[in-house]
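Engineer: One structure coming up, written as structure tokens, with questions to follow.
Numbering (the numbering used here), first residue to last: 30 to 542.
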């Protein structure tokens, strides 16, 4: 890796098309670590014994009032001596028969870090191993065929500044998302679907020593659904369960999922798979939201032929909500926000662009070939959850991607990886929503170094105007998959997109709290 030139920042621009169209360490046994892990597991059991019951909306308000973590995944402060990353793993679907799962462990520390890796199956602990993650470098974990596909994995670095991301790749599929750091009694997903040929899976992982008992609810076109088989459902200790939502909620254009634990805490992840009957193939993967929020930010987007984007807005509380959906274009065009009622325990879909007679009632008229950002705001102080689903059936990319919006900005964002060669494009999108200009620094962590290119330091991010940074053309990376750190002088939102011919990954980074 070499230092960047100080010439004009040719790789910094307005947002480009994230849909691909032509528009703007080897593991070695370390037995002392096993003993440490055992002690930590005992502590986890004690922590998991606490009971949690309340409605979804009440839990969200309590989280805000009591300072409970609001992020499903976050980097701990520098004072933390260790962290745990919970990876629920992909569902056991035949559509993923030829896909492989890989974990990327990005060590941002200036020293090597010991990492414990534990695999949990249906009946508890399967294997335990350890590895040493090199300083300021990324280490790859290949669980092996049949391991990640059927089991959950805990990655426990004995340092705080380490990020873990799970990536699934196959002949016609690609998805990548951070593992979770925060088990919770509440999980919400706002943008699933069970149309013909699509599979909607929820994987629930209980990493603790006591069984968890959960209720699952679905908000669909048909209204609120509470299948009896999914009420009071036991998630056995130290195991995971994959729920095929498509078997319960059949042929639904959109499905929002709400999970509330009567006892215990769990980690939940959604995977939507599109088979040939849908007209394309692809995979989405997203961690749920552990709290509802008054604001959800989507830093990038573009309206193009063959691309459909819908934002699902879920209201899991017992009070009616109202939201404004504001699309901010990268031009002088003015797009009026729309205001939508979201009744209690329900969900609505908002389509962005392509509004015609067949569109849902809530459709924002965004002109074609226009780059933009989106902010969803709750106006009556009843928090909601917002997640988008984008599908593409033309251009260089055919597939799908789902991403939870950003609920809170941060001064520091981390990504465990920067690219996945061969990609069509890899990029960052920065957005300031606080009405103030932000100055940001971007650095790459790989090969034992943290490189801060001169043209990516003190970048100016104007209020309300997304800024795109291309990663795949950076000379410092030169084919290297590096960790990425974005530091700003004010809180900002940062999103990463990796586009391949077989799929796309897009989502907010991991904030440091």
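A virtual CB, placed ideally from N, CA and C, is assigned to each residue, including glycine. Computed from a predicted model, the values in this text were never measured in an experiment.
Can you grab the Cα-Cα spacing for the pair residue 101 / residue 213, in whole Å?
Structural biologist: 8 Å
Engineer: Between the region 396-408 and the region 178-197, are three or more C-beta pairs nearer than 8 Å?
Structural biologist: no
Engineer: Report all residues from its chain with a CB closer than 7 Å to the CB of residue 140; omit the five preceding and five following residues, and keep chain order.
Structural biologist: 164
Engineer: If you scan the region 185-214 from start to end, which runs of the beta strand (DSSP E) of 3 or more residues do you find wholly inside it?
Structural biologist: 191-199 and 202-207
Engineer: Assuming residue 224 and residue 269 form a contact by the criterion Cβ under 8 Å, report the distance between their Cβ atoms to the nearest whole angstrom.
Structural biologist: Not really, about 26 Å apart at Cβ, beyond 8 Å.
Engineer: Residues in its own chain within less than 6 Å of residue 104 by CB, not counting five upstream and five downstream?
Structural biologist: 443, 539 and 541
Engineer: Please go through the same chain and pick out, in chain order, the residues whose beta-carbon is closer than 8 Å to the beta-carbon of residue 111, but skip the five residues on each side of it.
Structural biologist: 69, 185, 186, 187, 188 and 189
Engineer: Which of the three DSSP states is assigned to residue 487 in this structure?
Structural biologist: coil
Engineer: Looking at the strands, I want to know which residues DSSP matches up with residue 374.
Structural biologist: BP columns for residue 374 are empty, so no partner.
Engineer: Going by DSSP, what residue range makes up the beta strand (DSSP E) through residue 468?
Structural biologist: 467-475
Engineer: Closer than 7 Å by C-beta to residue 306: which residues in its own chain qualify, once you throw out the five before and the five after it? Chain order, please.
Structural biologist: 225 and 226
Engineer: Taking the straight line between their C-alpha atoms, what separation do you get for residue 508 and residue 446?
Structural biologist: If I take the Cα positions, the gap works out to 12 Å.
Engineer: Taking 6 Å as the limit between beta carbons, can you name the residues of its chain near residue 323, skipping five residues before and five after?
Structural biologist: 407 and 412
Engineer: Measure the alpha-carbon distance for residue 375 versus residue 253 and round it to whole angstroms.
Structural biologist: 6 Å
Engineer: Please report how far the alpha carbon of residue 290 lies from the alpha carbon of residue 244, in whole angstroms.
Structural biologist: If you draw a straight line from the Cα of residue 290 to the Cα of residue 244, it is about 6 Å long.
Engineer: Please state the DSSP three-state secondary structure of residue 157.
Structural biologist: strand
Engineer: Using 8 Å for Cβ pairs, my map puts residue 391 next to residue 367. What's the rounded Cβ distance?
Structural biologist: 6 Å
Engineer: Kindly indicate the opening and closing residues of the alpha helix (DSSP H) around residue 395.
Structural biologist: Where residue 395 is concerned, there is no enclosing alpha helix (DSSP H), given that its DSSP letter is neither H nor E.
Engineer: Can you give me the Cβ contacts of residue 522 inside the same chain, cut-off strictly under 6 Å, excluding the 5 residues immediately before and after it?
Structural biologist: Counting only Cβ-Cβ distances below 6 Å, and skipping sequence neighbours, we find 326, 328, 435, 438 and 460.
Engineer: Hey, could you find the ends of the beta strand (DSSP E) residue 168 is sitting in?
Structural biologist: 166-170
Engineer: Considering only residues of the same chain and omitting the five flanking positions on each side of residue 418, which have a CB-CB separation below 6 Å?
Structural biologist: 220, 339 and 431
Engineer: Look up residue 381 in the DSSP assignment and say whether it is helix, strand or coil.
Structural biologist: strand
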